[in-house]
Ligand code: M6R
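Residue numbers (the numbering used here): 7 to 616.
Have a look at this one:
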């Protein structure tokens with residue numbers, strides 16, 4: 007959570023920092039601020055609320071300095087207010103921070119005893135005083151940062167500016183993400199790639215325990231212990247346009263419509279239609295490795311967790327491999343059993359979610375092999391994993407994950423097919439049917455996107471006033487029900503529950519009456535008849551039924567108050583088509599209600615706090 011940026015160059019820093027923060031606003035947006043070197047001092051400007059408030063404050067100031075740092079905040083310690091907004095200053099030092107300083111109370115007491123006055127409720131301000139204390143002792147900025155961080159426990163990515171060294175920014179990281187950007191005559195830092203894309207595609211991913219000194223000629227990187235690190239920038243293939251709205255009202259809608267492309271890019275070069283197989287050489291697992299896997303543990307949070315439930319069903323049904331899913335936050339710290347032969351698959355859009363990262367680390371320490379499925383190249387989870395299998399959905403900016411979810415599904419299914427073939431669990435003809443079907447999915451999704459959007463837009467007026475919504479599905483439609491409910495909750499603030507359709511009668515049926523819409527996901531698969539019975543049960547309680555039905559299924563459609571049609575597919579491929587109307591339903595309800603679709607309240611895109 008929180009986004010940080012830094013710039014050292016010869017152009018005005020404030021607009022560059024502001025632009026970077028705009029691209030990072032999805033990480034947090036309850037207050038923002040910058041510190042810019044100006045006339046021998048550091049000018050700090052902060053504002054509560056969205057970035058436009060900071061923009062206004064900055065335009066009143068007219069800063070001309072060419073070196074600075076910036077921050078957009080998602081509150082962890084201290085409510086959103088100007089005094090709690092970053093940067094935090096102490097004497098000549100200003101600091102922006104993403105993460106949590108765990109021992110801040112202890113350090114606060116120590117600093118107060120040393121005579122420092124602490125103005126805010128934040129953990130970050132402690133870091134600025136610690137660094138100031140070291141500069142007072144005569145150390146240069148880099149040494150002071152290094153020494154100060156020696157006292158700190160927790161997660162951080164920080165950028166530091168000092169009045170004493172006006173042509174430098176010092177950055178350091180542990181657990182929270184930080185990337186450096188290098189261009190001719192300018193060096194940048196940011197929490198995430200999109201902030202830097204308009205300026206450079208030459209980037210360096212910092213590792214935990216590293217510190218870098220940035221100036222206009224580049225950067226010098228070393229460990230916090232002082233050992234030099236030689237890491238060359240790598241070229242990032244994302245373009246700045248990929249992170250723009252391209253005429254759509256919201257990033258979320260654009261990203262829903264980008265799903266055919268996200269799927270195509272993710273499948274490209276990986277489906278071997280001739281051999282009815284999947285090409286996964288990039289993962290680096292051998293045939294013997296595939297056979298040696300005794301169990302798969304899938305770890306993730308939020309939407310990625312829902313993808314892993316579908317992944318579990320595929321692994322079990324297609325490859326015959328025992329598989330379990332675990333919420334990463336629950337897997338951690340409870341001594342979950344990890345045995346020899348366990349493969350952990352950690353799934354994360356950002357590749358930075360702290361719970362998933364730490365859970366996967368714990369599993370690795372206990373001897374499991376870790377495979378990362380992530381969308382951000384070089385992010386923390388793939389870096390710690392033994393192997394990676396990237397999704398290629400491009401940058402996802404809307405806080406509600408859509409195109410990355412569908413790309414995660416693609417990777418989990420491809421991996422399941424690959425494993426099934428290696429373990430002799432799937433015949434060539436079965437694999438051929440699935441591989442062909444998967445190859446056609448981007449087209450099937452594309453074909454219906456516009457009509458689905460129109461159909462869903464047309465129905466929300468009737469249903470958007472509902473206070474509660476129930477989503478029901480069986481088999482592979484169950485995780486889609488969970489995902490539909492999560493999408494609706496997070497962007498429209500409507501209470502929604504995703505339920506296994508068979509579980510409805512064990513409790514949630516008590517909620518049903520004419521005010522509660524029930525969205526029933528009923529593709530023509532092996533569960534179809536039983537799902538229809540559940541639909542009838544809900545109808546008998548006067549609930550309003552919205553069906554997600556296979557095209558032409560007039561029998562079920564006749565039982566619904568409203569319905570959306572999805573393309574017929576191979577049963578194992580149904581999630582790719584059934585999730586689209588659910589995403590669009592959430593989007594249309596939120597848009598109808600006028601909520602902040604791309605930046606819903608209290609949320610952040612990348613959750614780097616536990
Ligand atoms: O980056 P990750 O996939 O690890 O993120 C996990 C969750 O924080 C994320 O999926 C969250 O639930 C989204 N806001 C859902 O739309």
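Just so it is clear, CB atoms sit at the ideal spot from N, CA and C, and this is done for glycine as well.
Going down the chain, each residue whose beta-carbon is closer than 5 Å to a heavy atom of the ligand M6R shows up: 307, 308, 309, 310, 354, 355, 356, 359, 406, 407 and 613. With a cutoff of 8 Å on beta-carbon distance, residue 8 and residue 72 are scored as not near each other.
Fewer than three Cβ pairs drawn from the region 262-271 and the region 313-323 lie within less than 8 Å of each other, which leaves the two stretches out of contact. Ranking 70, 32 and 16 by CA distance to the CA of residue 40 puts 70 first. With a 10 Å radius around the Cβ and a threshold of 16 neighbouring Cβ atoms, residue 359 comes out buried. DSSP places residue 581 inside the alpha helix (DSSP H), whose first and last residues are 580-599. Taking the C-beta atoms as reference points, residue 94 is found nearer than 8 Å to residue 126. The beta carbons of residue 593 and residue 490 sit no closer together than 8 Å. Close CB contacts of residue 462 within its chain, under the 7 Å cut and outside five residues either way in sequence, are with 570, 587, 590, 591 and 594 (chain order). By DSSP's assignment, residue 501 forms a beta bridge with 474.
Judged by DSSP secondary structure, residue 221 falls within the beta strand (DSSP E) whose first and last residues are 216-221. Residue state for residue 417 is assigned as helix, using DSSP reduced to three classes.
Across the structure, residue 346 and residue 130 are spaced so that their CA atoms are roughly 41 Å apart.
DSSP links residue 104 through a beta bridge to 163. The criterion of a C-beta distance shorter than 8 Å is not satisfied by residue 381 and residue 478.
Under the 10 Å beta carbon count, residue 560 is surrounded by fewer than 16 other beta carbons and is classified as exposed. The region 180-192 makes contact with the region 204-220; the number of CB pairs closer than 8 Å reaches 3 or more. Taking residue 30 as reference, the option from 410, 334 and 249 with the minimal CA-CA separation is 249.
In the three-state DSSP reduction, residue 309 falls in the helix class (H, G or I).
Setting aside the 5 residues that flank it on each side, residue 19 is surrounded in the same chain by 13, 42, 71, 72, 73 and 74, each with a C-beta closer than 7 Å to its C-beta; the list follows chain order. Rounded to whole angstroms, residue 513 and residue 475 show a C-alpha spacing of 15 Å.
Distances from the CA of residue 10 to each of 282, 523, 166 and 300 were compared; the closest alpha carbon is that of 166. Under DSSP, residue 13 takes part in a beta bridge, and its partners are 74 and 194. The Cβ atoms of residue 164 and residue 178 lie closer than 8 Å to each other.
Residue range 434-469 is occupied by the alpha helix (DSSP H) that includes residue 443.
Closest in alpha carbon position to residue 446, among 162, 114 and 266, is 266.
If you check the CB distance, residue 369 and residue 493 do not come in under 8 Å. For residue 217 against residue 151, the beta-carbon gap comes to about 6 Å, under 8 Å, which counts as contact.
Under the criterion of beta carbons closer than 8 Å, residue 379 and residue 408 do not qualify as touching, at roughly 16 Å. Annotation for residue 25: the continuous alpha helix (DSSP H) segment containing it runs 19-30. Beyond the five residues adjoining it in sequence on each side, residue 159 comes within less than 6 Å, by CB distance, of 108 and 109 in the same chain, given in chain order. Counting C-beta pairs with one atom in each stretch, the region 603-616 and the region 502-519 have fewer than three that are closer than 8 Å, which means they do not touch. Close CB contacts of residue 321 within its chain, under the 6 Å cut and outside five residues either way in sequence, are with 302, 327, 329 and 422 (chain order). In the three-state reduction of the DSSP assignment, residue 225 falls in the strand class, which pools E and B.
Every unbroken stretch of the alpha helix (DSSP H) spanning 4 or more residues and falling wholly within the region 276-301 is given here in chain order: 293-298.
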